[in-house]
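Asks:
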Amino acid sequence: MLGASALLAIFICLSLLIYSYVISLILMEDEITFSASVLICFFATPLILYTFSCSVFFFIFDRQPKYNIIISKYLIMIAFASLIFSFPISIYVNYKLKHDGYFTCDKISWMSPTTYVKDLSLCK
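Numbering of the sequence shown is given in our numbering, commencing with residue 84 and proceeding in unit increments.
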């Protein structure tokens, strides 16, 4: 139970970071971090949080939540849909941001999300 609680706390912190990336895109801030992986994580976060929460719930009450199967089914469908739609949406966001005058910063690695900035001096 301690391990599941620790993983839940760590994942909540990571999901806040992912949500801050998406909010910066929605608000069109001066610095936006976005990629297909950010979008996948954004839509998979509810499934992972629910999974960790259910494991803690199971260890405390020794039973599964009442509507566990139904909730899991829909959260899994959302996560799979994010896999399918993340790449076309990522390509569109890349086009839209470049069209709106954003520049891309150099990536640290090929796996890191792309950082878009209004002014190149904001690149770190």
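For glycine and all other residues, C-beta sits at the position ideal for the given N, C-alpha and C.
Contact defined as beta carbons within less than 8 Å: I believe SER173 pairs with LEU122. What is the distance between those atoms, to the nearest angstrom?
Replies: Yes, they are in contact, since the Cβ atoms of SER173 and LEU122 sit about 6 Å apart, within 8 Å.
Asks: For the structure I just gave you, are there three or more beta carbon pairs, one from the stretch 108 to 122 and one from the stretch 195 to 207, closer than 8 Å?
Replies: Contact holds: three or more Cβ-Cβ distances are below 8 Å.
Asks: Can you tell me which residues form a DSSP beta bridge with GLU114?
Replies: GLU114 is bridged to VAL200.
Asks: Over the uninterrupted alpha helix (DSSP H) stretch that includes MET160, give me the two end residues.
Replies: 151 to 182 is the extent of the alpha helix (DSSP H) around MET160.
Asks: For my contact list, LEU130 and ALA162 are in at a C-beta cut-off of 8 Å; report their separation, rounded to the angstrom.
Replies: Between ALA162 and LEU130 the Cβ distance is about 5 Å, and since that is below 8 Å, they are a contact.
Asks: For PHE157, count the other beta carbons within 10 Å of its own beta carbon; 16 or more makes it buried, fewer makes it exposed. Which is it?
Replies: Strictly speaking, residue 157 in this sequence is Tyr, with Phe absent from that position. That one is exposed.
Asks: Under 7 Å, do SER169 and ALA119 count as touching if we go by C-beta distance?
Replies: Yes. Within cutoff.
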